[in-house]
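For reference, the structure is listed below as structure tokens.
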Amino acid sequence: REGSHSHDEL
Amino acid sequence: MNAFRFLGDMTHLFSVLVLLLKIYATKSCSGVSRKTQELYMVVFLARYMDLFTDYISLYNSVMKVVFITSSAAIVWCMRRHPQVRRTYDKEQDTFRHVVLVAAAFVLALIFNERFTFREICWAFSIYLEAVAILPQLVLLQRGRNVDNLTGQYVFFLGAYRAFYILNWIYRYFTEGHHSRWISWLSGLVQTGLYADFFYYYFLR
Chain A
59 REGSHSHDEL
Chain B
25 MNAFRFLGDM
35 THLFSVLVLL
45 LKIYATKSCS
55 GVSRKTQELY
65 MVVFLARYMD
75 LFTDYISLYN
85 SVMKVVFITS
95 SAAIVWCMRR
105 HPQVRRTYDK
115 EQDTFRHVVL
125 VAAAFVLALI
135 FNERFTFREI
145 CWAFSIYLEA
155 VAILPQLVLL
165 QRGRNVDNLT
175 GQYVFFLGAY
185 RAFYILNWIY
195 RYFTEGHHSR
205 WISWLSGLVQ
215 TGLYADFFYY
225 YFLR
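In order, the protein sequences belong to chains A and B. Each residue of the first sequence is one higher than the one before, counting from 59 in the numbering used here. Each residue of the second sequence is one higher than the one before, counting from 25 in the numbering used here.
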């Protein structure tokens, strides 16, 4: 998920 | 998801619920900075723009909707609710929060993970959240009495970011060394701003 640079935190 | 982050999210949710309770139960928003609430609404709108494009988890999506709607509800109450809006002390809430928005935006244009619309909005929301509490802290220091619920609201907001710092430390050691410096630095600044409030809160 880090690769896609999506921010998984609120 | 680790315990620190979950605790942080729950503390953050609780702080918003405490504020909604105070405003709804007492039909009063005295001592609450409307400017801080407006800044938080901008923070959530800028950060949760990916609500409809990136599905991360049910929890993530539900919490985003809750934060956006609750912050909008608080701003609506303070602006439109006939009883509540009368109790807003406009003369006290004088912080020029436009300056905070402009500064966060300029910072986001310079310091971001990638120069894309989404990433600039995300960095903007992180920087703005770090300073969004300032109008509220100024109001608290001006006001004679810090009423319990407002004090508790600010306390939980400070605790939430402190839990997130533990979460970043935990993720640093468990998930490898991804660059989270934007979150780290802003989170430290944000928690630092609360430090003097905690000092007075506990001494009160």
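Positions of the beta carbon are idealized from the N, C-alpha and C atoms, including for glycine. Remember, it's a predicted structure, so these values are computed and weren't measured experimentally.
Rounded to the nearest angstrom, the Cβ distance from B/K46 to B/F119 is 20 Å, too far for a contact under 8 Å. In terms of CA proximity to B/Y83, B/M34 leads the group B/R204, B/M34, B/V67. DSSP places B/E137 outside both helix and strand once states are collapsed to three, so it counts as coil.
The CB of B/I80 comes closer than 9 Å to the CB of R59, S64, H65, D66 in chain A, given here in chain order. The Cβ neighbour count for B/F76, taken over all protein chains shown within 10 Å, is under 16; the residue is labelled exposed. Under the DSSP assignment, B/I47 falls in the alpha helix (DSSP H) whose first and last residues are 27 to 50.
Only residues of its own chain outside the window of five on either side were considered, and among them Y225 have a CB closer than 7 Å to the CB of B/F179, listed in chain order.
Here B/L31 has F187 as same chain residues with Cβ atoms under 6 Å from its own Cβ, once five neighbours each way along the sequence are excluded.
Contact between B/L163 and B/V66 does not hold, since the beta-carbon distance rounds to 18 Å and is not under 8 Å. Residue burial is scored here from C-beta neighbours: B/N26 has fewer than 16 other C-beta atoms within 10 angstroms and is therefore classed as exposed.
DSSP places B/E199 in the helix class (H, G or I) of the three-state scheme. Between B/W192 and B/S207, the beta carbon gap of about 6 Å places them in contact (Cβ cut-off 8 Å).
Scanning chain A for C-beta atoms nearer than 7 Å to the C-beta of B/R29 yields E67, reported in chain order. Residue environment analysis places B/H202 among the exposed positions, since fewer than 16 neighbouring C-beta atoms fall within 10 angstroms of its C-beta. Put simply, the CB of B/N172 is far from chain A, with every gap to its CB atoms at 8 Å or more. Closest option to B/G175, judged by alpha-carbon separation, among B/D220, B/I150, B/R29: B/D220.
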